[in-house]
Amino acid sequence: MSAEVSRRPAHGHTPEILLDGNHSAELLGEPGPVIEDSIEELPQPRFANQPYQRNGIPEITHSTDSLGRPKSTHTAGSGSNSEGARLSPHRPHLSVGGSPSPTGSPMLLPQGHTQMRPTSYIDLLQTPYAQQVAPAPNLDNSFLRSNVGTNASLLSAVKTLEMYRANVKKTNDSAIQYEFAVFLIQTAMDLAPDHIGAPTKVELLREARQILQKLADRSYPFAQYYLGDGYSSGLFNKGKEDYDRAFPLFISASKRGHAEAGYRAALCYEFGWGCRKDYAKAAKFYETAAAKNHPGAATRLGLACIHNDMGLINQYRQGVKWLKRAAESADAQYNAAPYELAKLHENGFGDDIFKDPQYSAQLYTQSANLGHADANLVMGKAYEHGLLGCPQDAGLSIHFYTAAAQAGEVEGMMALCAWYLFGAEPVLEQNESEAFEWAKQAADQGFAKAEYAVGYFKEAGIGCKQDSLEANMWYWRAAQQGEERAKQRMAAINSAVSGGSTASTDATKSSKKSFLSKLR
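Numbering (full-length UniProt numbering), first residue to last: 1 to 520.
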């Protein structure tokens with residue numbers, strides 16, 4: 001959410017639910033002082049259906065879905081080392097060559113470790129997806145300590161850059177030069193918008209692009225992928241996507257075993273980005289990347305087989321196998337496979353997918369914990385209404401709805417609006433102001449039901465200052481999208497204005513329950 005407008009209410013707070021073993025929950029208010037000497041690990045929510053993972057321990061992270069146009073590694077916010085360990089999404093938003101996944105891994109080797117550098121591209125061709133990344137750059141100045149001592153961390157950014165550049169000029173090591181190019185980009189991205197003086201952001205990006213281009217010309221796959229991603233994201237072209245340059249770089253890197261580049265090349269072939277559409281070639285590149293356990297490629301290939309897409313006819317059994325394989329390797333960037341597999345098991349599919357609501361709930365939970373917005377919405381409804389074998393649990397329902405809303409799901413926002421409007425003691429206190437704010441968040445995204453709800457709140461003065469004129473504006477916006485209740489309310493208001501009977505409104509606090517039951 002670093003580059004996005006916050007989706008939490010402007011003057012409120014997002015509910016945080018702590019749950020004990022009986023699913024009871026407690027609402028956290030304003031954060032208290034942080035005591036660094038005594039930090040206890042907060043208990044994680046205990047779900048009725050634990051996510052289907054080999055370690056059985058869900059990690060609550062939040063990210064967006066992954067089947068559409070891929071996020072750039074420069075905006076998705078991840079780095080990675082050659083062992084597949086990804087940097088925390090709270091680190092600077094930059095990747096170093098592989099999957100743009102913001103998940104974390106405990107297997108971090110020391111930065112610049114010699115084992116992290118590929119010794120043979122034959123080995124790279126046999127390497128699975130999770131290891132498709134060059135070594136992450138060392139951004140803490142420790143590499144300069146041999147020259148300037150223990151005070152390296154006190155060096156200015158400009159001085160650090162100059163000394164790093166001087167050291168890089170002394171070597172022909174492709175990995176070191178690649179690390180420096182990434183460091184340049186990182187420095188450029190971290191510059192303040194009002195930065196004045198040398199070096200400028202444009203100068204740093206130009207130097208990084210030149211280094212990456214030289215490495216790409218020497219067939220260094222990590223540089224080829226990173227350069228291609230920079231072109232496709234507009235990083236090196238003033239914000240304009242340039243797939244004509246990116247596509248051949250993805251192809252070159254994929255031929256040298258880079259799974260993420262292979263996945264990106266497949267997307268280019270499927271959607272015609274920088275090349276002519278070619279479903280046969282797209283399927284081939286998807287399969288090659290999927291064979292390296294790339295969850296995005298395996299998911300797309302599996303869905304194509306199941307739905308007879310890209311010319312893959314009558315291969316649904318193979319599609320199910322790919323989807324299961326993708327679910328096992330799903331991460332926060334490519335989190336859709338468990339969700340898609342859960343949908344199949346929810347009602348059954350063909351002769352190979354049996355109906356199993358509880359197993360479906362486990363898969364939905366796995367996908368939700370990886371940040372899939374729709375999966376969070378499904379589990380929020382499941383715990384609210386007791387679906388998919390889940391018990392009715394207000395705390396868990398609010399937990400999943402909150403994750404869905406934070407991921408931009410408007411129905412999740414409206415669900416939180418309802419929870420706040422009535423409260424769920426002792427889990428959640430009633431707060432009409434928060435209810436209004438969540439409805440306003442959804443309405444600002446053009447959700448018709450939310451627009452009608454905001455009009456209702458404004459007319460009755462629920463959680464906000466009463467304003468009939470603004471209420472009419474929201475009713476009009478909802479009516480323009482075909483919201484029948486808004487049309488009826490507008491008709492009643494117009495009748496009253498023209499001298500007819502007084503407009504009777506149900507916008508009273510006593511009718512809130514009826515209002516929400518009709519709205520959702």
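The beta carbon of each residue, even a glycine, is placed where N, CA and C say it ideally should be.
8 Å Cβ cutoff met for residue i and residue j
i, j, result
"Ala439", "Ala448", "no"
"Tyr286", "Ala253", "no"
"Ile185", "Ala216", "no"
"Leu388", "Gln358", "yes"
"Leu227", "Gln213", "yes"
"Ala405", "Leu396", "no"
"Gly274", "Phe247", "yes"
"Tyr231", "Cys268", "no"
"Met490", "Ala450", "no"
"Gly463", "Glu432", "yes"
"Ala443", "Glu459", "no"
"Ala327", "Leu363", "yes"
"Tyr334", "Asp374", "no"
"Phe349", "Met379", "no"
"His345", "Ser360", "yes"
"Leu421", "Ile398", "no"
"Ala478", "Gly461", "no"
Status (buried if at least 16 other CB within 10 Å, exposed otherwise) for residue i
i, result
"Ser495", "exposed"
"Gln480", "exposed"
"Gly29", "Residue confidence is low: Gly29 scores 39 on pLDDT, short of 50, so the model does not pin down where it sits. No coordinate-derived value is stated."
"Gln392", "exposed"
"Tyr164", "buried"
"Phe457", "buried"
"Lys277", "exposed"
"Ser498", "exposed"
"Glu483", "buried"
"Pro221", "buried"
"Thr402", "buried"
"Thr299", "buried"
"Lys381", "buried"
"Asn347", "exposed"
"Pro307", "The sequence as given places His at residue 307; Pro does not occur at that position. With fewer than 16 other Cβ atoms within 10 Å, it is exposed."
"Gln366", "buried"
"Leu87", "Model confidence at Leu87 stands at a pLDDT of 27, short of 50, so the residue's coordinates are unreliable; what they give is reported in the following sentence. Classification for Leu87: buried."
"Asn314", "exposed"
"Arg317", "exposed"
"Ala332", "buried"
"Leu94", "Low per-residue confidence applies at Leu94: pLDDT is 29, beneath 50, and the placement is therefore not dependable, though the value from the model is reported in the following sentence. The residue in question, Leu94, is buried, as its Cβ has 16 or more Cβ neighbours within 10 Å."
"Glu270", "buried"
"Ala158", "For the record, residue 158 in the displayed sequence is Val; it is not Ala. Exposed."
"Ala304", "buried"
Candidates the options: closest to residue i by CA position
i, options, result
"Leu341", "Lys284, Tyr263, Asp352", "Asp352"
"Ala297", "Arg276, Cys275, Lys321, Asn314", "Lys321"
"Asp173", "Ala435, Gly446, Leu428, Ala223", "Ala223"
"Gln441", "Ala337, Glu459, Glu411", "Glu411"
"Val168", "Glu179, Val158, Lys159", "Glu179"
"Lys284", "Gly272, Asn308, Leu312, His307", "Leu312"
"Ala188", "Lys201, Ser468, Ile176, Ser233", "Lys201"
"Gly302", "Gly319, Thr288, Met379, Leu161", "Gly319"
"Ala336", "Tyr383, Asn376, Met310", "Asn376"
"Gln466", "Cys390, Lys487, Phe436", "Phe436"
"Thr160", "Pro193, Pro199, Ala175, Arg325", "Pro199"
"Ser219", "Pro193, Trp419, Ala192, Phe250", "Phe250"
"Asp309", "His385, Val158, Tyr279", "Tyr279"
"Ala266", "Ala282, Lys255, Gln488", "Ala282"
"Ala394", "Ala418, Ile176, Ala304, His372", "Ala418"
Run of the alpha helix (DSSP H) containing residue i, from where it starts to where it stops
i, result
"residue 565", "For residue 565 there is no data in the structure shown, the boundaries of the chain being 1 and 520."
"Asn293", "First-last for Asn293: undefined, no H or E at that position."
"Phe436", "432–443"
"Thr402", "394–406"
"Trp474", "468–480"
"Ala368", "357–369"
"Trp322", "316–328"
"His385", "373–385"
"Arg206", "201–217"
"Pro221", "221–233"
"residue 561", "Nothing about residue 561 can be read from this structure; the chain reaches only from 1 to 520."
"Val410", "410–422"
Any C-beta of chain C under 8 Å from that of residue i
i, result
"Asn376", "Looking for chain C here will not work: only one protein chain is present."
Is the segment 289–301 touching the segment 252–267 in the sense that three or more CB pairs, one from each, lie closer than 8 Å?
yes
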